[in-house]
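Protein chains in written order, with my numbering: chain A, 100 to 451; chain B, 100 to 451.
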């Protein structure tokens, strides 16, 4: 533990490391999709970058969340599995836990906000999980989850503050490193949407080893920029309660304890994006990538398209010091968006 | 030439073979995307099949058409390249030719219907091609294309009736065979959207070699089922003029001469799908695959979801004689759909 970590808050019990991510990759190998790293010739030319998209929308359940959830549940003892699992989630972690539990034959109960996108509620139920609804503004979802876990003898699968979850999400970073190497590229910056910070923290561990010169950047919605403010303050900051965002997947109140410790230690940066920038990224993904990306899943792409990725690179421009275009990887982390909202975003853009 | 081919019409000058497809694959290797073959656990379970989607919407230009166009233009002599290329197309071939010509430094002129989707017109111009518009009901696009080619000394790049084009599209079949082998699967049926028949004919050549037991099925919109009627009649039939379809990419009047000869020789089947089935497939691709698929690109998926693929398999049911689920591959061949139409399709489905 370094001095800056100790200053950041209570030292976490157990930070995951590279070996945990490699173990997760082996566990996930037969079941998780090795999602493609897609080239984007048009946008790359316009931006003066080599932009690559890690298409986690093509992951099982339409989001990276399956990776962490499966890694966590697969690590449970046979006895713990019998008791089942409980999770609280705005939707994508819910689907990941429900799908992973179903594959492993473990009963799952998911505590979800009543205003979660209909597609996420329906998918979670379709994977066979029991869904318990709560009021996002009135109820404490963690307390509800813990109460159910206590009653049923079930294991709580938290969305990000867990070494197994972080290690599972980190396999995204492992794959990015491998896929860049296959293309003969070294990434200058790797951006991912961030809520509690589990994905970007896991990726940071993997990439610190394989691509130590790559800058890791957490992308958050404006108004939910707790990771950025926390990294600046050197301690965990919270978002003002009661805020709303089109990015339903990125509304955690504060960074996770373990993710924050890792992001501090590994010197990650953060960028906030507006709703207009997020919608623009969703439309660009529709037009140029042919991918369905949900609002929260588009935050990293939004940061790149808005020209904000340069800030995290220090130099503030697209070209690297040696003149070659910078290699920028953005994770499109989820695609679970209601048809009506997606249609609205497309219609709004067509009217411009 | 077998007897059935001779009966099918004038013997074509030069049918492409497996070696032509392998040569095309080598030519395309550095530039074309090896598009993923995606598993669809939910739909597979519902249908009692192992359904796999070949995601050609992730191909350069958002459609498989880049493969054939690049293979054709790359085969031109340096002198012919200087004269440029001309193509007539409803949109996807236009984009393929424009993008391939730009990569090879060849000037391109594209003759497009004035009512082509705005996204296809804009993309074709963005790749640097000159676009000449024609009236779909009044003008003869082939005559316009030939006149321009004559005036400028340019080479005509036809959309499907050309051995190089068919060989390029056939690389989709080569990849499907390789990707199925990597998964330890043998496909029972392989379906692709069909208009002039270049894609399915090229795929049939590749798969006749690698997966000789797989049934190749051309999927057409109702009202544009010329391939199905032609295969039944044993001679090339035409669609009634003036018909309309949501599948703007699948409105060729009659099968190509070379594709028809190949489909006859290789005993391909055909299925027609309704517009409602196509829209349903677009929505399913949005919800479960997170892929943007245009109407014409969704015809094969529509046939599978509507339970029509069994007909082409003979047995009429999902299970193969030995009881394992049938392995069915559907090509999602293009994703170039206007945002307004996509929004309309999503909205219509949300109201059901």
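Glycine included, every Cβ here is placed at the ideal spot set by N, Cα and C. For clarity, every value in this text was computed on a predicted model and none was experimentally measured.
Per-residue burial, residue i [other beta carbons within 10 Å of its own, 16 or more giving buried]
i                      : result
residue 438 of chain A : buried
residue 282 of chain A : exposed
residue 155 of chain A : buried
residue 334 of chain A : exposed
residue 176 of chain A : exposed
residue 332 of chain A : exposed
residue 319 of chain B : buried
residue 378 of chain B : buried
residue 414 of chain B : With a pLDDT of 41 at residue 414 of chain B, under the threshold of 50, the modelled position of this residue cannot be trusted; read the value that follows with caution. Label assigned to residue 414 of chain B: exposed.
residue 216 of chain A : buried
residue 181 of chain A : exposed
residue 240 of chain B : buried
residue 394 of chain B : buried
residue 337 of chain B : exposed
residue 166 of chain B : buried
residue 292 of chain B : buried
residue 342 of chain B : exposed
residue 227 of chain A : exposed
residue 287 of chain B : buried
residue 450 of chain B : exposed
residue 325 of chain B : buried
residue 135 of chain B : buried
residue 198 of chain A : buried
residue 267 of chain B : buried
residue 145 of chain A : exposed
Partner residues on chain B for residue i, Cβ-Cβ distance less than 8 Å
i                      : result
residue 137 of chain A : 132, 157
residue 441 of chain A : 385, 442, 445
residue 438 of chain A : 382, 385, 386, 445, 446, 448, 449
Same chain only: Cβ atoms within 8 Å of residue i, ignoring 5 sequence neighbours per side
i                      : result
residue 111 of chain A : With a pLDDT of only 47 at residue 111 of chain A, under the threshold of 50, the placement of this residue in the model should not be trusted; the figure read from the coordinates follows. Same-chain partners within the cutoff: 356, 357, 360.
residue 285 of chain A : 279, 310, 312, 313, 426
Chain B residues whose Cβ lies nearer than 9 Å to that of residue i
i                      : result
residue 391 of chain A : 384, 385, 386, 388, 389, 390, 391
residue 218 of chain A : 386
Close-in-space but distant-in-sequence residues of the same chain around residue i (CB under 7 Å, 5 per side omitted)
i                      : result
residue 132 of chain B : 157, 158, 159
residue 410 of chain B : Confidence at residue 410 of chain B is low in this model, with a pLDDT of 48, below 50, so its placement is unreliable and the value that follows should be read with caution. If we look at residue 410 of chain B and ignore the five residues flanking it on each side, its Cβ neighbours are 370.
residue 138 of chain B : 151
residue 405 of chain B : 372, 376
residue 345 of chain A : 374, 377, 394
residue 384 of chain B : 390, 392, 397, 400, 431
residue 220 of chain A : 211, 230
residue 116 of chain A : 304
residue 173 of chain B : 126, 203
Residue i: contacting residues in chain A (beta-carbon distance under 9 Å)
i                      : result
residue 195 of chain B : The contacting residues do not exist; residue 195 of chain B stays about 14 Å from chain A at best.
Check whether residue i and residue j have beta carbons under 8 Å apart
i                      : j                      : result
residue 276 of chain B : residue 306 of chain B : yes
residue 428 of chain A : residue 164 of chain A : no
residue 321 of chain A : residue 353 of chain A : no
residue 262 of chain B : residue 113 of chain B : yes
residue 398 of chain A : residue 362 of chain A : no
residue 317 of chain B : residue 189 of chain B : no
residue 392 of chain A : residue 327 of chain A : no
residue 396 of chain A : residue 448 of chain A : no
residue 244 of chain A : residue 185 of chain A : yes
residue 254 of chain A : residue 246 of chain A : no
residue 382 of chain B : residue 444 of chain B : yes
residue 260 of chain B : residue 295 of chain B : yes
residue 218 of chain B : residue 386 of chain A : yes
Under 8 Å by beta carbon: chain A residues contacting residue i
i                      : result
residue 140 of chain B : 159
Near the ligand FAD: residue i beta-carbon under 7 Å from a heavy atom
i                      : result
residue 312 of chain B : As far as ligands go, the structure on display features none, and thus does not contain the ligand FAD.
Below-8 Å beta-carbon distance, residue i vs any chain D residue
i                      : result
residue 434 of chain A : This model lacks chain D altogether; the protein chains it does include are A and B.
6 Å Cβ shell around residue i - same chain, five flanking residues per side excluded
i                      : result
residue 124 of chain A : 270, 273
residue 264 of chain B : 167, 171, 297
Checklist line | Runs of alpha helix (DSSP H) lying entirely within the stretch 163-244 of chain A, each at least 4 residues, in chain order | finding: Counting only runs of 4 or more residues that sit fully inside the stretch 163-244 of chain A, the alpha helix (DSSP H) segments are 164-173, 177-182, 191-203, 217-225, in chain order.
Notebook entry, point to check: If you scan the stretch 251-301 of chain A from start to end, which runs of the alpha helix (DSSP H) of 4 or more residues do you find wholly inside it?
Noted result: Listed in chain order, the alpha helix (DSSP H) elements of length 4 or more contained wholly in the stretch 251-301 of chain A are 262-281.
Check: Could you give the uninterrupted runs of the alpha helix (DSSP H) lying entirely in the stretch 111-162 of chain B, keeping only those of 4 residues or more?
Finding: You should have 117-127, 140-146.
Next item on the list: Jot down the residue ranges of each uninterrupted alpha helix (DSSP H) in the stretch 425-450 of chain B, minimum 4 residues, whole runs only, in chain order.
Entry: Unbroken alpha helix (DSSP H) stretches of 4 residues or longer found wholly inside the stretch 425-450 of chain B: 438-449, given in chain order.
Notebook entry, point to check: If you scan the stretch 302-390 of chain B from start to end, which runs of the alpha helix (DSSP H) of 4 or more residues do you find wholly inside it?
Noted result: Within the stretch 302-390 of chain B, the complete alpha helix (DSSP H) runs of at least 4 residues are 325-332, 356-364, 374-383.
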